[in-house]
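Input: a single structure, listed below in structure tokens.
There are 2 protein chains.
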Amino acid sequence: MSSERLAELAGVNAAKVRKDLSYLGSYGTRGVGYDVGYLLHEISRELGLTHDWPVAIVGVGNLGQALANYRGFGARGFRIVALFDADPRKVGRKVGEHAIQALEDLPEVARRGRVAIGIIATPAPAAQEVADRLVDAGVTSILNFAPTVVSVPSGVSLRKVDLAIELQILSFYQRRRDGGAARDGVALDGAKSDGPRRDGRAASARAR
Amino acid sequence: MSSERLAELAGVNAAKVRKDLSYLGSYGTRGVGYDVGYLLHEISRELGLTHDWPVAIVGVGNLGQALANYRGFGARGFRIVALFDADPRKVGRKVGEHAIQALEDLPEVARRGRVAIGIIATPAPAAQEVADRLVDAGVTSILNFAPTVVSVPSGVSLRKVDLAIELQILSFYQRRRDGGAARDGVALDGAKSDGPRRDGRAASARAR
DNA sequence: CTCTGTGAAATTTTTCACAGCG
DNA sequence: CGCTGTGAAAAATTTCACAGAG
Numbered sequence: 132m133s134s135e136r137l138a139e140l141a142g143v144n145a146a147k148v149r150k151d152l153s154y155l156g157s158y159g160t161r162g163v164g165y166d167v168g169y170l171l172h173e174i175s176r177e178l179g180l181t182h183d184w185p186v187a188i189v190g191v192g193n194l195g196q197a198l199a200n201y202r203g204f205g206a207r208g209f210r211i212v213a214l215f216d217a218d219p220r221k222v223g224r225k226v227g228e229h230a231i232q233a234l235e236d237l238p239e240v241a242r243r244g245r246v247a248i249g250i251i252a253t254p255a256p257a258a259q260e261v262a263d264r265l266v267d268a269g270v271t272s273i274l275n276f277a278p279t280v281v282s283v284p285s286g287v288s289l290r291k292v293d294l295a296i297e298l299q300i301l302s303f304y305q306r307r308r309d310g311g312a313a314r315d316g317v318a319l320d321g322a323k324s325d326g327p328r329r330d331g332r333a334a335s336a337r338a339r
Numbered sequence: 132m133s134s135e136r137l138a139e140l141a142g143v144n145a146a147k148v149r150k151d152l153s154y155l156g157s158y159g160t161r162g163v164g165y166d167v168g169y170l171l172h173e174i175s176r177e178l179g180l181t182h183d184w185p186v187a188i189v190g191v192g193n194l195g196q197a198l199a200n201y202r203g204f205g206a207r208g209f210r211i212v213a214l215f216d217a218d219p220r221k222v223g224r225k226v227g228e229h230a231i232q233a234l235e236d237l238p239e240v241a242r243r244g245r246v247a248i249g250i251i252a253t254p255a256p257a258a259q260e261v262a263d264r265l266v267d268a269g270v271t272s273i274l275n276f277a278p279t280v281v282s283v284p285s286g287v288s289l290r291k292v293d294l295a296i297e298l299q300i301l302s303f304y305q306r307r308r309d310g311g312a313a314r315d316g317v318a319l320d321g322a323k324s325d326g327p328r329r330d331g332r333a334a335s336a337r338a339r
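Top line first, the protein sequences correspond to chains A and B. Quick note on numbering: the numbering used here labels position 13 of the first sequence as 144, and the sequence is numbered without any gaps. Quick note on numbering: the numbering used here labels position 160 of the second sequence as 291, and the sequence is numbered without any gaps.
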């Protein structure tokens with residue numbers, strides 16, 4: 132497949148595809164294009180997707196369950212190994228193939244299962260406490276879904292997922308489209324349409 | 132509050148804070164800093180968070196329910212107005228204050244409720260079909276949580292949330308920290324730690 | 001004096017454009 | 001030939017550094 136086609140499918144410039152891929156090595160064939168299977172393999176290897184990453188989820192509400200059942204973690208090397216909840220009534224209940232455990236067991240389980248990544252899926256007020264416990268248990272990568280700012284010591288990676296931000300981005304562009312309150316001086320960057328477009332036209336990557 | 136302090140809290144450079152805020156207008160006071168309340172107000176206005184955005188969720192599995200119950204949409208103007216599911220057994224069941232409706236009712240409900248944003252929270256195989264129905268119903272902003280590529284006609288904004296990508300980013304940096312397979316020529320950018328750090332040190336925004 | 005707002009410089013990212021490989 | 005790989009140019013973003021407002 133040519134860089135041109137890959138670019139079209141990804142909604143970016145062909146030169147960018149070639150430039151980016153060139154950082155991984157010379158995996159294309161001049162005059163022909165790229166072998167997609169081989170490319171996938173090399174990219175997976177570079178990103179570490181061949182690695183096995185034990186993941187623990189803390190907070191088994193709707194979101195925690197959704198994450199626990201999410202197909203597609205497995206394909207990328209993420210393996211849910213434990214679920215924790217502070218609610219004693221939930222402890223022992225099974226979600227998928229895992230029984231929910233008490234937060235007190237976190238240190239023991241995290242160490243024994245070599246948990247590399249902790250996911251916080253609790254209500255906001257519990258998030259900092261849970262983060263502290265994860266850090267104490269030796270977890271050095273944390274993904275926070277709770278709608279609150281959490282702090283961790285240096286040496287620990289923390290990322291936050293804000294489920295409302297994508298909606299904000301969509302609404303920002305919708306308001307522009309509708310001429311809701313157009314005004315100058317604001318940087319623009321199109322709401323992207325990922326993947327090939329049904330109508331064959333490239334996603335307009337920039338407004339204006 | 133000074134740009135310096137805001138920058139520290141956000142984990143960025145103070146000049147960037149000032150430069151960015153300057154695009155909104157001159158809301159700071161020289162020698163003093165910014166009035167946080169006023170700043171929040173102006174930013175909200177600029178981002179359109181004062182606007183009301185009716186949202187419909189299609190697919191009421193764990194993720195759909197999690198989204199339906201997510202606190203914090205409301206604060207930013209997103210109002211869940213309808214839930215849809217293709218499973219007849221779910222239709223009529225209540226989730227929060229909304230009864231689940233049949234997919235067939237989407238066009239009617241979307242138009243009557245002036246749905247601005249549709250959220251796809253279905254399994255992957257149903258996503259494209261749902262996207263088509265949303266588009267047909269006049270929805271021009273779509274957020275796709277299904278782990279599959281969906282295409283829409285131009286004129287419709289589509290964004291995709293991939294719950295595994297954040298884990299990938301965390302694991303990428305963890306492998307680097309552990310010296311898993313360091314290699315040169317790969318662009319670096321630190322896994323960010325958002326918010327103030329417990330230990331007072333700034334999040335290392337870049338590796339190397 | 002302190003801290004903003006902002007030109008200018010530095011850096012990074014993206015795109016162009018083309019030599020040359022298969 | 002067609003398409004990659006990549007220097008070089010262009011564009012965008014980030015940072016510096018400082019005049020000047022409060």
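Virtual Cβ for every residue (Gly too), placed ideally from N, Cα, C.
| Query | Result |
| --- | --- |
| Bridge partners - Ile250/A, DSSP secondary structure assignment | Ile188/A and Leu274/A |
| Sequence-distant residues of the same chain with beta carbon closer than 7 angstroms to Ala277/A, five excluded per side | Ile251, Thr253, Pro254, Ala255 and Ala258 |
| Sheet register partners of Lys225/B (DSSP bridge) | Ala230/B |
| Contacts that Ile300/A makes with chain B (C-beta to C-beta distance below 7 angstroms) | Arg290 |
| Segment limits, alpha helix (DSSP H) that includes Ser153/A | Ala145 to Ser153 |
| CB contact check: Val186/A to chain B, cutoff 8 angstroms | yes |
| Proximity to Ser302/B [Cα-Cα], best of Arg176/A, Lys150/A and Val240/A | Arg176/A |
| Which of helix, strand or coil DSSP assigns to Phe209/A | strand |
| Ala206/A classed as buried or exposed, judged by whether at least 16 other C-beta atoms fall within 10 angstroms | exposed |
| Lys150/B versus Ile174/B - alpha carbon distance | 14 angstroms |
| Buried/exposed call for Ala318/A, threshold 16 Cβ in 10 Å | With a pLDDT of 37 at Ala318/A, under the threshold of 50, the modelled position of this residue cannot be trusted; read the value that follows with caution. Flag for Ala318/A reads exposed. |
| Closer than 7 angstroms: Val163/B CB and nearest the ligand FAD heavy atom | Only the bare structure without any ligand can be found here, which leaves the ligand FAD out of the picture. |
| Which of helix, strand or coil DSSP assigns to Tyr165/A | strand |
| contact_flag[the region 207 to 224 of chain A, the region 283 to 302 of chain A] where n(CB pairs < 8 angstroms) is 3 or more | no |
| Contact set for Met132/B: own chain, Cβ-Cβ below 6 angstroms, skip 5 residues either direction | Gly164, Tyr165 and Val167 |
| Below-8 angstroms beta-carbon distance, Ile251/B vs any chain A residue | no |
| Distance CB(Ile211/B)-CB(Ala199/B) smaller than 8 angstroms | yes |
| Closest Cα partner of Ile248/A within the set Pro185/A, Ala145/A, Asp216/A and Thr160/A | Pro185/A |
| Local Cβ density within 10 Å of Asn144/B, reported as buried at 16 or more and exposed below that | exposed |
| Exposure label - Ser134/B; buried when at least 16 CB within 10 Å | buried |
| Residue-level contact to chain A via CB, Glu297/B, 8 angstroms cutoff | yes |
| Within-8 angstroms CB hit, Ser175/B to chain A | no |
| CB contact below 8 angstroms: Gly203/B versus chain A | yes |
| CB contact check: Pro278/A to chain B, cutoff 8 angstroms | yes |
| Where the beta strand (DSSP E) containing Arg306/B begins and where it ends | Unbroken run through Arg306/B is the alpha helix (DSSP H), Ile296 to Arg308; no beta strand (DSSP E). |
| 9 angstroms Cβ cut-off: residues of chain A touching His172/B | What His172/B touches in chain A: nothing, since even the nearest Cβ is about 15 angstroms away. |
| Identity of the residue in Gly195/A, Thr279/A and Val240/A nearest Gly269/A by Cα | Val240/A |
| C-beta neighbour in chain A for Ser272/B, strict 8 angstroms | yes |
| Cutoff 6 angstroms; reference Gly246/B; Cβ partners in own chain excluding five residues on either side | It should be noted that the sequence gives Val, not Gly, for residue 246/B. These residues qualify, in order along the chain: Pro185, Ala187 and Val270. |
| Three-state secondary structure (DSSP) of Asp216/A | strand |
| Classification of Ile296/A by the beta-carbon crowding that lies within 10 angstroms, buried from 16 upward | exposed |
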